[in-house]
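Engineer:
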Amino acid sequence: AQKVTQAQTEISVVEKEDVTLDCVYETRDTTYYLFWYKQPPSGELVFLIRRNSFDEQNEISGRYSWNFQKSTSSFNFTITASQVVDSAVYFCALSEATAGGGNKLTFGTGTQLKVEL
Amino acid sequence: DTGVSQDPRHKITKRGQNVTFRCDPISEHNRLYWYRQTLGQGPEFLTYFQNEAQLEKSRLLSDRFSAERPKGSFSTLEIQRTEQGDSAMYLCASSLGTLAMWNEQYFGPGTRLTVT
């Protein structure tokens, strides 16, 4: 069975600090996809990034960067120069194929990030 | 607004009553998913539609739960004889279907159900 572990339940930082959110996954599939979602206090999950298992190249998007390491089954997310608006719960998710070609997501338990002034 | 919409946003019901939630996906998306999220947890998969066909159901979806997507557009999720353990946020997501697994799912704002 697939599993996603986000060991950090809550992280508090001061604005402008860098912060890394950890994600470790388990799967027997050779082809899989990983995602990060953000859930602000309003509750709606916002898609941030997807990564497939064949592409271990790190990605940077503005203040966000992602480090995918297949050898350690990790897909970590770093926010550089954090801002108060980054305060949210962040979920890492692993994609598993469903019947008919869809993909269901297995989520971790999330990391609550609090950025304070 | 062209995102996923859900109605109602909040529902309070008494134990034993039936409730129905609606989800309107992004218009061109042929895949629709339902998830349930309880406090402090990540969303858990419930069921999946491709067009009007319900192709997979989780073991979490007891026989009191039923979902439909009659014309391949909006979907409804009904819970019969609600129990306090059904209290949760019910999330709907949609995606554009291709053979690729990596299509990201776009989520609606959710329906928060409270069973008293």
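Residue numbers (my numbering), protein chains in the order written: chain A, 909 to 1025; chain B, 1230 to 1345. Even glycine gets a Cβ: it sits at the ideal position worked out from N, Cα and C. Small disclaimer: the values here were computed from a predicted structure and weren't measured.
(1) Under 7 Å between beta-carbons, which chain D residues line up against E1297/B? List them in chain order, please.
(2) Quick check on the burial criterion: 16 or more other C-beta atoms within 10 angstroms. Buried or exposed for K1012/A?
(3) Where does Q1266/B fall in DSSP's three states?
(4) Residues bridged to K1012/A by DSSP?
(5) Just to make sure I have the definition right: I need the residues of chain A whose C-beta is within less than 8 Å of the C-beta of P1338/B. Which are they?
(6) Taking C-beta to C-beta, are K1022/A and V921/A nearer than 9 Å?
(7) For T1231/B, does the count of other Cβ atoms within 10 angstroms reach 16, so buried, or fall short, so exposed?
(8) What does a CB cutoff of less than 8 Å around A1001/A pick up in its chain, not counting 5 residues either side in sequence?
(9) Within 9 Å (strictly less), CB to CB, does V912/A reach chain B?
(10) Which residues does DSSP list as the beta-bridge partners of S1323/B?
(11) How should V1344/B be labelled, buried or exposed, when 16 other C-beta atoms within 10 angstroms of its C-beta is the threshold for buried?
(12) Near R958/A, which residues of its chain fall below 6 Å by C-beta distance, leaving aside the five closest residues on each side in sequence?
(13) Quick check: the stretch 1271-1286 of chain B against the stretch 1295-1302 of chain B, are at least 3 beta-carbon pairs closer than 8 Å?
Structural biologist: Well, looking at it:
(1) The structure shown has no chain D; the protein chains it does contain are A and B.
(2) buried
(3) strand
(4) E1004/A
(5) S950, G951, E952
(6) yes
(7) exposed
(8) V912, L942, F943, W944, Y945, L1013, T1014, F1015, G1016
(9) yes
(10) L1261/B, Y1335/B
(11) buried
(12) Y941, F943
(13) yes
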